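In the numbering used here, the protein residues as written are 3 to 169. Just so it is clear, CB atoms sit at the ideal spot from N, CA and C, and this is done for glycine as well. Keep in mind that this is a model prediction, so the values were computed, not measured.
Given below as structure tokens:
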């Protein structure tokens, strides 16, 4: 069970902070609820049952886990799928897992493709661009909390950390 002030990944919402745990005062129901506030959306409050099996809710990674993932990024496999439709389906399924290793694979695959296409003055498809943005948002928000930096600082941090370890 999570505690008040814990940070969690809550489904596709992303990083949320648990601000309270309690029962609904307007209901006779004895169910306990987490009150969540998405870290990067101050206008939203989420109330979810403590034992809700239908929504993925997991603790965010620790700083050491994030650093380990960053160090392993150069060795991560990319997706090798030429068919745009198949690739889109695979990427969307990987996004739904909310697993950082899958997000890294998506970002790495699309980043390398974007670089290759830019050499011949082409761009990623709109679908690929949207998927890459979604994967980056999910990953950078979690890394930002674990590393105690802003989401905008995550990519420079990763690039600096990777180049440091390659030297």
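DSSP-derived helix/strand/coil call for residue i
i: residue 174; result: Examination of residue 174 is not possible in this model, given that the chain is present from 3 through 169 alone.
i: residue 12; result: strand
i: residue 108; result: helix
i: residue 128; result: helix
i: residue 59; result: strand
i: residue 151; result: coil
i: residue 79; result: coil
i: residue 139; result: helix
i: residue 68; result: helix
i: residue 163; result: helix
i: residue 117; result: helix
i: residue 86; result: helix
i: residue 99; result: helix
Residue i: CB within 7 Å of a non-hydrogen atom of the ligand GTP
i: residue 33; result: The ligand GTP is not among the ligands present in this structure, which contains no ligands whatsoever.
Straight-line gap, residue i to residue j (C-alpha atoms, nearest Å)
i: residue 20; j: residue 119; result: 42 Å
i: residue 160; j: residue 112; result: 16 Å
i: residue 40; j: residue 81; result: 30 Å
i: residue 116; j: residue 133; result: 13 Å
i: residue 105; j: residue 24; result: 33 Å
i: residue 86; j: residue 29; result: 49 Å
i: residue 50; j: residue 4; result: 12 Å
i: residue 126; j: residue 22; result: 42 Å
i: residue 36; j: residue 52; result: 6 Å
i: residue 164; j: residue 44; result: 32 Å
i: residue 107; j: residue 27; result: 44 Å
i: residue 131; j: residue 6; result: 36 Å
i: residue 139; j: residue 16; result: 9 Å
i: residue 33; j: residue 129; result: 40 Å
i: residue 47; j: residue 57; result: 16 Å
For residue i, the residue or residues it bridges with in DSSP
i: residue 170; result: This structure cannot settle anything about residue 170, because the visible part of the chain is limited to 3 through 169.
i: residue 47; result: Per DSSP, none; premise fails for residue 47.
i: residue 25; result: 34
Option nearest residue i by Cα separation, candidates the options
i: residue 137; options: 147, 54, 64 and 99; result: 99
i: residue 74; options: 103, 55, 16 and 91; result: 103
i: residue 8; options: 59, 54 and 55; result: 59
i: residue 157; options: 110, 128 and 93; result: 110
i: residue 151; options: 124, 128 and 68; result: 68
i: residue 71; options: 141, 153, 155 and 154; result: 141
Cβ separation of residue i and residue j, assumed to be a contact under 8 Å, to the nearest whole Å
i: residue 148; j: residue 65; result: 5 Å
i: residue 162; j: residue 63; result: That belief does not hold up - the Cβ atoms of residue 162 and residue 63 are roughly 19 Å apart, past 8 Å.
i: residue 10; j: residue 76; result: Wrong, their Cβ atoms sit about 29 Å apart, outside the cutoff.
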